[in-house]
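A.B. asks: Can you keep this structure in mind? I'll have questions shortly.
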Amino acid sequence: MTAAFDPSPSDPSDRGLLSPVWANPALSGETGDAALVAAMLELEAAWAETLEAAELAEAGAGDAVRQGTTAGAYDGGAFATWRLAAAAQGGGNPVIPLVKALREATPEPGRAAVHRGLTSQDVLDSALMLVARRAVVGILADLAAAADALAGLAAQHRTSPQVARTLAQHSLPSSFGLKAANWLQGVAHAEARLAGLTFPIQCGGAAGTNASLVALGGEPAALAADWAHRVGLDAAVAPWQSFRGPVTDLGHALAAACSAAGHVANDVMLLSRPEIGELGEPLAAGRGVSSAMPQKQNPALSALIRSAALRAPADAMQLELASALSEDERTGGAWHSEWPALRELLRLAAGSAAALRELTEGLRVFPERMRANLELSGPLLVSERLMLELSGVAEGGRAGIQKAVDAALAAAVGVADPADQARALRKALRAVVPYIAADDARLDDLLDPAGYQGDAAGIVDRVLADYEERAAGRRTQHNRK
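Quick look at the structure:
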């Protein structure tokens with residue numbers, strides 16, 4: 005890999021000051037300008053080697069071009085990112101000044117092989133795919149770790165009672181294990197979607213016909229496949245400079261990863277509110293502090309993840325818009341608009357995946373608060389069950405059960421505590437349900453919210469079994485590599 009280059013001594017580059025979700029240099033560096041320049045130089049050197057191997061360039065051309073790629077590896081050098089960025093305004097993309105500088109830096113016999121038969125879009129599209137492939141490796145590792153952590157939470161809390169909330173209101177008894185399993189489904193789906201992507205080489209020449217390669221006496225598909233192999237990209241069926249599927253597929257997969265992480269973060273933010281207190285983010289020195297209120301413990305990880313989830317869809321849609329407005333065999337403006345959107349998606353997904361990993365691996369769970377919150381609605385949560393199982397035997401049928409529930413609701417309006425509501429409901433039920441149809445012990449069972457979780461445990465088991473099958477395949481594939 006060609007060495008990375010510092011942008012300039014004054015460092016005017018964007019380090020993520022206003023986007024802290026990806027501000028970690030370990031995340032931003034692999035998608036930064038220097039990484040993109042290094043990828044373009046790597047592609048140019050590998051292309052010269054491909055031409056040489058096919059006897060379409062002089063012997064030694066590949067080594068000479070690779071030597072040339074190191075000539076500007078210093079502050080202010082020909083390949084300095086700030087210099088290329090300024091020069092890119094002349095031709096509309098950074099490949100043009102990079103190729104010019106590379107030709108000047110490459111000794112004979114390789115100079116004539118620099119960029120021979122290629123066009124700017126071949127190099128830039130392929131460089132973005134190369135940067136993306138390398139970034140996605142880290143994203144996948146963090147998503148896999150987060151998924152493993154969620155699987156552990158789902159198994160540990162398989163039957164831990166928790167109230168389900170629909171439209172922000174208590175609805176039915178559930179379990180925290182089921183909530184974790186639902187999170188797991190989203191994260192595992194996003195992981196699988198990213199893992200299934202291909203990162204194709206772009207090799208079409210000036211108009212997508214590879215006329216220059218044919219004129220050189222080469223076989224374009226074979227040359228493209230060899231080039232892809234040398235840099236670690238996938239061979240493409242055909243040039244895709246006017247077909248933007250590889251870019252939009254990547255963008256949507258990255259946005260899906262942000263959305264899956266955002267679902268977890270949204271729930272954690274809500275359930276960590278002091279008045280709810282069912283979950284807590286991992287504790288770390290300096291994490292979640294307030295500049296004004298020393299007592300606060302803000303859900304900083306969840307906030308960062310959520311910021312990425314809120315921003316990613318717009319960038320994904322920008323890629324779709326660029327594809328929709330692409331015209332002819334090469335588009336102007338629409339293609340250019342893809343570059344920052346794709347890079348931002350890579351950064352947002354990398355940042356949110358890293359934060360999600362930390363959040364899920366250290367998530368604090370408070371089952372006693374879950375049970376206490378479940379009991380705030382008391383046996384009213386099992387009204388559905390009462391209607392289903394007792395309306396056929398109750399005096400007045402469904403109306404009789406509804407009357408009993410209304411009595412409990414009236415007690416709630418009177419600021420009764422859950423125990424008072426339970427007593428009111430039980431007394432009203434006892435008045436309309438014959439003892440022979442449901443004795444006191446049976447009535448107590450029916451009124452216990454923890455006993456009405458439906459198939460929650462079974463759903464958890466099936467999600468975990470499906471995930472374990474996927475994870476086993478992932479581990480096998482990783483071991484093969």
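Going from the sequence shown to the numbering used here is simple: count from 1 and add 4. Every residue gets a Cβ at the ideal spot worked out from N, C-alpha and C, and that includes glycine.
Let me know if residue 178 comes out buried or exposed under the rule of 16 or more other beta-carbons within 10 Å of its beta-carbon.
C.D. replies: Residue 178 comes out buried.
A.B. asks: For a minimum of 4 consecutive residues, which ranges assigned as the alpha helix (DSSP H) are wholly contained in the segment 308-377?
C.D. replies: You should have 338-365.
A.B. asks: Along the chain, which unbroken stretches of the alpha helix (DSSP H) at least 4 residues long are found entirely within the segment 244-281?
C.D. replies: Entirely contained in the segment 244-281, the alpha helix (DSSP H) runs reaching 4 residues are, in chain order, 249-275.
A.B. asks: When you compare the CB positions of residue 326 and residue 338, do they come within less than 8 Å of one another, or not?
C.D. replies: Cβ distance < 8 Å, so residue 326 and residue 338 count as in contact.
A.B. asks: Could you tell me which of 412, 387, 413, 415 sits nearest to residue 565, measuring between CA atoms?
C.D. replies: A question about residue 565 goes unanswered here, because the residues of the chain that appear run from 5 up to 485.
A.B. asks: Once you ignore the five residues that flank residue 433 on each side, which residues in its own chain have a CB closer than 6 Å to its CB?
C.D. replies: Only 408 meet the Cβ criterion.
A.B. asks: Sorted by chain position, which residues of the same chain lie with C-beta nearer than 8 Å to residue 431's C-beta, five sequence neighbours on each side aside?
C.D. replies: So the qualifying residues of the chain are 411.
A.B. asks: Where DSSP assigns a beta bridge to residue 179, which residues make up the other side?
C.D. replies: DSSP lists 165 as partners of residue 179.
A.B. asks: Look up residue 37 in the DSSP assignment and give the residues it is bridged to.
C.D. replies: Answer is none; residue 37 lacks a bridge partner.
A.B. asks: Here's a check: name, in chain order, each residue in its chain whose Cβ is nearer than 7 Å to the Cβ of residue 324, leaving out the five neighbours to either side.
C.D. replies: Contacts found: 252.
A.B. asks: Under DSSP, the alpha helix (DSSP H) around residue 388 begins and ends at which residues?
C.D. replies: Run containing residue 388: 387-394, per the alpha helix (DSSP H) assignment.
A.B. asks: What number of angstroms, rounded off, separates the C-alpha of residue 69 from the C-alpha of residue 44?
C.D. replies: Computed Cα separation, rounded: 12 Å.
A.B. asks: Kindly indicate which three-state DSSP category residue 301 falls into: helix, strand or coil?
C.D. replies: Three-state result, residue 301: coil.
A.B. asks: Mind listing, in chain order, the continuous beta strand (DSSP E) runs of no fewer than 3 residues lying wholly within the segment 95-121?
C.D. replies: Counting whole runs of 3 or more residues, the segment 95-121 contains no beta strand (DSSP E) stretch at all.
A.B. asks: Indicate the three-state DSSP secondary structure (helix, strand or coil) for residue 507 in the structure shown.
C.D. replies: Residue 507 cannot be examined here, being either before or after the span of the chain that is shown, 5 to 485.
A.B. asks: Span of the alpha helix (DSSP H) holding residue 146?
C.D. replies: Its alpha helix (DSSP H) spans residues 124-160.
A.B. asks: CA-CA distance, residue 347 and residue 255?
C.D. replies: Distance between the alpha carbons of residue 347 and residue 255 is about 9 Å.
A.B. asks: Is it buried or exposed, residue 392, if we count other Cβ atoms within 10 angstroms and call 16 or more buried?
C.D. replies: Result: exposed.
A.B. asks: Relative to the alpha-carbon of residue 372, which residue among 282, 243, 221, 275 has its alpha-carbon at the smallest distance?
C.D. replies: When each option's Cα is compared against that of residue 372, the closest is 282.
A.B. asks: Figure out for me which residue from 271, 422, 167 has the closest Cα to the Cα of residue 307.
C.D. replies: The candidate whose alpha carbon is nearest that of residue 307 is 271.
A.B. asks: What separation, rounded to the nearest whole angstrom, lies between the Cα atoms of residue 202 and residue 238?
C.D. replies: Spanning the two alpha carbons is a distance of roughly 6 Å.
A.B. asks: Just to confirm my understanding: we take residue 109, look at its own chain, exclude 5 residues before and 5 after, and list those with CB closer than 7 Å. What are they?
C.D. replies: Cβ within range, chain order: 72, 75, 76, 82.
A.B. asks: Can you check DSSP and say which residues form a bridge with residue 173?
C.D. replies: For residue 173, which the question treats as bridged, DSSP gives the partners 170.
A.B. asks: Specify, as a first and last residue, the run of the alpha helix (DSSP H) that residue 486 falls within.
C.D. replies: Examination of residue 486 is not possible in this model, given that the chain is present from 5 through 485 alone.
A.B. asks: Would you kindly report the start and end of the unbroken alpha helix (DSSP H) that includes residue 286?
C.D. replies: Careful: residue 286 lies outside any alpha helix (DSSP H) and carries neither H nor E.
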